[in-house]
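Below is one structure; the comments refer to it alone.
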Ligand SMILES: Nc1ncnc2c1ncn2[C@@H]1O[C@H](COP(=O)(O)OP(=O)(O)O)[C@@H](O)[C@H]1O
Ligand SMILES: [Mg+2]
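Residue numbers (the working numbering): 86 to 351.
Okay, structure coming up:
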């Protein structure tokens, strides 16, 4: 009995150490990535400061011309654009760390109906679909419920949908997303599909790696699917699989135990 208890504790300690090690690696990576946008943001903000001081002097001495003002306005727009874009990018990177780092124990644990919860998540994302031709449908048996932290499922679905909109779809062709949840024994199986451009075979094995992105420099952080994978394995005690072919969209399958008791025993 004692030994079994110790064994369990050892495994927990190991898992905890593993979790901290990979969190440490993630934070180191993010700190590195955050450096660039913060650096650009700081230098754009100081440029703005210098420009504002110059125009104040010219105005104060009565020497300011119309073209001084016009030049100032244009430069102020350009630099504040840079400040906003780069701070947003830094904030997004930090948000990914927060998503992974949220402590499992502090997460609200509850029993919730899956269908209405998933519908709610999709509804909350509807502003992202406004002004696009793309559509999402959720199918899930009404009686299905899950014990656990519902916020985790919201984060997973949000990351999938963001990816379909950014990577999968183009604005000129209506894209379709289906999210299908069902029970399989004690497990919940959630299948997420889009009919977008799909993923190249040489990228398939890499998309879950932290910082892997095909959109470096155009908004990608490469953390979305890494976050999905850590949430599924660490928070839900499940697994996520991907299949995709170029031109045929993506299919992510998330499988996890519906009850935490089953999760602990697994
Ligand atoms: N629905 C999708 N359709 C096509 N490609 C995708 C899709 N989802 C993910 N990808 C590919 O996987 C990569 C990694 O995704 P992710 O980890 O979310 O990082 P990011 O979105 O910041 O690029 C993306 O850069 C893209 O190449
Ligand atoms: Mg993404």
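Yeah, the Cβ is synthetic: ideal placement off N, Cα and C, and Gly gets one too.
Since this is a predicted model, take the numbers as computed values, not measurements.
- prompt: Can you name the start and end residues of the beta strand (DSSP E) that residue 336 belongs to?
  reply: 335-342
field: Beta-carbon proximity of residue 254 to residue 281, cut-off 8 Å
entry: yes
- request: Determine, using beta carbons only, whether residue 288 and residue 276 come nearer to each other than 8 Å.
  value: no
field: residue 309: CB within 7 Å of a non-hydrogen atom of ligand 2
entry: yes
message: Rounded to whole angstroms, what is the Cα-Cα separation between residue 122 and residue 308?
response: 16 Å
Reduced DSSP secondary structure (H/G/I, E/B, other) of residue 188: In this predicted model, residue 188 has a pLDDT of only 44, less than 50, meaning its place in the structure is not dependable enough to derive any value.
query: Per DSSP, residue 214 is paired with what?
result: DSSP lists no partner for residue 214.
- prompt: Is it true that the CB of residue 321 sits closer than 8 Å to the CB of residue 341?
  reply: At a Cβ-Cβ threshold of 8 Å, residue 341 and residue 321 count as neighbours.
- prompt: Nearest to residue 215 by CA position, among 202, 250 and 244, is which residue?
  reply: Of the listed residues, the one whose Cα sits closest to residue 215 is 250.
- prompt: Per DSSP, which one or two residues make a beta bridge with residue 252?
  reply: Paired residues: none, contrary to the question.
Chain-order list of residues whose beta-carbon lies under 6 Å from that of residue 235 (same chain, five-residue window excluded): 197 and 202
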